[in-house]
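Numbering (the numbering used here), first residue to last: 25 to 98.
Below: the structure, in C-alpha cells.
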Amino acid sequence: MKVRVLVRPKSGILDPQGEAVKSALPALGFEGVGNVHVGRLIELEVERIDEMDAMCRRLLANPTIEEYEWEVIS
C-alpha cells in the first residue's frame, strides 16, 4: 500500500525556507500571504503500516523540531 508522510517544522521553530518564500512572493506580485511553512512530502510503498510512526520518529522526521502526519493513499 502507498503511504504519504508530510513533515514540516513545528510551530515556533525557525523556518528559513518558509521565510524566503514569504519574502519573495510580494516581489512576484502576490500580496496578502501570511505565514509560510516549507516541509517535505515522502511517499512510500509498504506492506504493513504498523511501524509507520516508528519510521517517522526514527528516520523521516526529527521529532525535536519537526512534526509529521501520515496517511494511506492506496
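Virtual Cβ for every residue (Gly too), placed ideally from N, Cα, C.
All values derive from a computational prediction rather than experimental measurement.
Asked	Found
Through-space distance from residue 98 to residue 44, alpha-carbon basis	34 Å
Alpha-carbon to alpha-carbon, residue 70 and residue 80	13 Å
Cβ shell of residue 88 (< 7 Å), same chain only, five flanking positions each side left out	none
Whole-angstrom distance between residue 83 and residue 96, CA atom to CA atom	18 Å
Same chain only: Cβ atoms within 7 Å of residue 49, ignoring 5 sequence neighbours per side	57
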